[in-house]
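Beneath this line is the structure, given in structure tokens, with notes to follow.
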Amino acid sequence: MSETGKIHAVGIVAKEENREAAALACDLAEWLRRRNLEVRLDRTTLAICGLPEERAFDPAAPGDLVVALGGDGTILAVARSLSAEVPILGVNLGALGFLTEIQRAELYPALVQVLDGGFTSESRALFDVQVSRRGAKSAAHVFHAFNDAVITKSALARIIELTLRVDGQVVANFRSDGLIISTPTGSTAYNLSAGGPILDPRLPVAVLTPICPHALSLRPIVIPDSTRIEVTLESDRGDKVYLTLDGQEGTSLGPGDVVRVGRSARPVRLVKVSGRSFYDNLRAKLRWGGLIGLTGLDGSEGGSS
Numbered sequence: 002m003s004e005t006g007k008i009h010a011v012g013i014v015a016k017e018e019n020r021e022a023a024a025l026a027c028d029l030a031e032w033l034r035r036r037n038l039e040v041r042l043d044r045t046t047l048a049i050c051g052l053p054e055e056r057a058f059d060p061a062a063p064g065d066l067v068v069a070l071g072g073d074g075t076i077l078a079v080a081r082s083l084s085a086e087v088p089i090l091g092v093n094l095g096a097l098g099f100l101t102e103i104q105r106a107e108l109y110p111a112l113v114q115v116l117d118g119g120f121t122s123e124s125r126a127l128f129d130v131q132v133s134r135r136g137a138k139s140a141a142h143v144f145h146a147f148n149d150a151v152i153t154k155s156a157l158a159r160i161i162e163l164t165l166r167v168d169g170q171v172v173a174n175f176r177s178d179g180l181i182i183s184t185p186t187g188s189t190a191y192n193l194s195a196g197g198p199i200l201d202p203r204l205p206v207a208v209l210t211p212i213c214p215h216a217l218s219l220r221p222i223v224i225p226d227s228t229r230i231e232v233t234l235e236s237d238r239g240d241k242v243y244l245t246l247d248g249q250e251g252t253s254l255g256p257g258d259v260v261r262v263g264r265s266a267r268p269v270r271l272v273k274v275s276g277r278s279f280y281d282n283l284r285a286k287l288r289w290g291g292l293i294g295l296t297g298l299d300g301s302e303g304g305s306s
């Protein structure tokens, strides 16, 4: 955001290799330029729209606002890549969309509202994830996770052995198919499927959820996100084990490798314009009953996707 609080530069990121999203991105860019705003499109969209000569969106200089066109996966990728705390407006072109704020039909009314300053932003935790190879003091890889960091075996591997520490204290040494380290935002993703709790995304916590543990007494645990989480791979049988961030990127792990997770100094800011709460989304997306629809930008009740 500029020093005056006005939005002057907008980055647009469309769902990768999706022509519908790319076409919408190009139309949106033209709409914004007619309002004298500086616009940057992601490289893939520029190529699809036949505009490769234009300057592409740069996560290191994202501007005052980023519009993510696609679904939760698009927002996850954008959130991890940004180098600055910039508000992200998520537009749902998919099916579920827990993170997206608005539907496609609401895009232009919502942007009019945002450009007039009529929006708030919700701060969400981002996790820093470091991987140190066996015996090494420095990190070989540094990642970010907005939903979760998942340590898991390959489909054909036997169960793996992990040691979990929190602030240097051993919590458990256990055998399982893996471990999910989830942010509150990611609690409705893989964590939920694995039997973990749903967390209000505003909570300053992390949830540690074992995947199919050998000991049935080992249950998900919620801890402060100010703690230092450390997981060591103890298995030495040569089984293939992977660390995956938000289901989108990651690396393989070997015996003795250590994964360290902590809350990042840079939060993720999600634009809020619709008046829909986290609990509205839970009722609609998980079909819990109560009100069937979600409140629209004009205060009317609309259907959920």
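Using my numbering, read the sequence shown as starting at 2 and increasing by one per residue.
Just so it is clear, CB atoms sit at the ideal spot from N, CA and C, and this is done for glycine as well.
Counting C-beta neighbours from all protein chains within 10 Å, is the total for residue i 16 or more, i.e. buried, or is it exposed?
i      : result
CYS27  : buried
VAL171 : exposed
ALA190 : buried
SER188 : buried
GLN249 : exposed
SER236 : buried
VAL113 : exposed
THR5   : Bear in mind that the predicted position of THR5 carries a pLDDT of just 45, short of 50, making it too unreliable to give a figure here.
ALA107 : Ala is not the amino acid found at residue 107; the sequence shown has Glu there. Answer is buried; the Cβ neighbour count reaches 16.
ASN37  : exposed
SER122 : buried
ASP43  : buried
ASP258 : buried
LEU47  : buried
LEU52  : exposed
Using 9 Å as the threshold, is the C-beta distance between residue i and residue j below it?
i      : j      : result
VAL208 : ILE152 : no
ALA10  : GLY74  : no
SER105 : LEU163 : According to the sequence provided, residue 105 is Arg. The question's Ser does not apply to it. No, these two residues do not count as a Cβ contact at 9 Å.
PRO202 : THR210 : no
SER183 : LEU165 : no
ILE103 : VAL269 : no
LEU77  : ILE8   : no
PHE147 : PHE175 : no
ALA150 : VAL262 : yes
HIS142 : THR245 : no
ILE224 : GLY179 : no
VAL115 : LEU94  : no
LEU287 : PRO88  : no
Out of curiosity, what's the CA-to-CA distance linking residue i and residue j?
i      : j      : result
VAL14  : SER218 : 44 Å
ARG159 : ASP240 : 7 Å
THR101 : LYS138 : 39 Å
VAL130 : ARG81  : 11 Å
THR45  : ALA173 : 44 Å
SER305 : ARG41  : Note that SER305 scores 37 on pLDDT, short of 50, meaning its location in the model is unreliable; the coordinates nonetheless yield the value given after this. Looking at the two C-alpha atoms, the distance is approximately 30 Å.
GLU302 : PHE58  : Caution is warranted here: a pLDDT of 48 is assigned to GLU302, below 50, making its placement in the model unreliable, and no coordinate value can be reported.
PHE120 : SER155 : 44 Å
LEU83  : ASP247 : 15 Å
ASP125 : VAL92  : The question names Asp, yet the displayed sequence has Arg at residue 125. Each residue's alpha carbon lies about 17 Å from the other.
PRO110 : ARG277 : 16 Å
GLY136 : GLU86  : 35 Å
SER29  : GLU54  : According to the sequence shown, residue 29 is Leu rather than Ser. Their Cα atoms are separated by approximately 18 Å.
ILE161 : TYR243 : 11 Å
ILE49  : GLY71  : 15 Å
SER194 : LEU283 : 15 Å
SER177 : HIS215 : 5 Å
LEU254 : ILE181 : 15 Å
ARG229 : TYR280 : 30 Å
LEU33  : GLU39  : 8 Å
GLY169 : VAL68  : 40 Å
THR186 : ARG134 : 28 Å
LEU204 : ASP226 : 9 Å
ARG238 : ARG264 : 32 Å
ALA61  : GLY290 : 42 Å
ALA23  : VAL132 : 35 Å
ALA285 : PRO256 : 43 Å
Kindly indicate the opening and closing residues of the alpha helix (DSSP H) around residue i.
i      : result
ALA48  : 44-49
ASP237 : Note, ASP237: premise wrong, no alpha helix (DSSP H); not H, not E.
ASN192 : 191-194
LEU219 : Premise fails: LEU219 is in no alpha helix (DSSP H) and is neither H nor E.
GLN1   : Since the first residue of the chain shown is 2 and the last is 306, residue 1 is not available in this structure.
GLU31  : 20-34
ASN37  : Element bounds for ASN37: n/a, residue is neither H nor E.
VAL113 : 108-116
ARG284 : 279-286
Over the uninterrupted beta strand (DSSP E) stretch that includes residue i, give me the two end residues.
i      : result
GLN131 : 128-133
ASP149 : 149-154
LYS273 : 269-273
ALA207 : 206-212
LEU180 : 179-183
THR164 : 161-167
- Item | Contained alpha helix (DSSP H) runs [length at least 4] in the stretch 48-82, N- to C-terminal order | Restricted to the stretch 48-82, the alpha helix (DSSP H) segments that are unbroken, complete and at least 4 residues in length are 73-82, listed in chain order.
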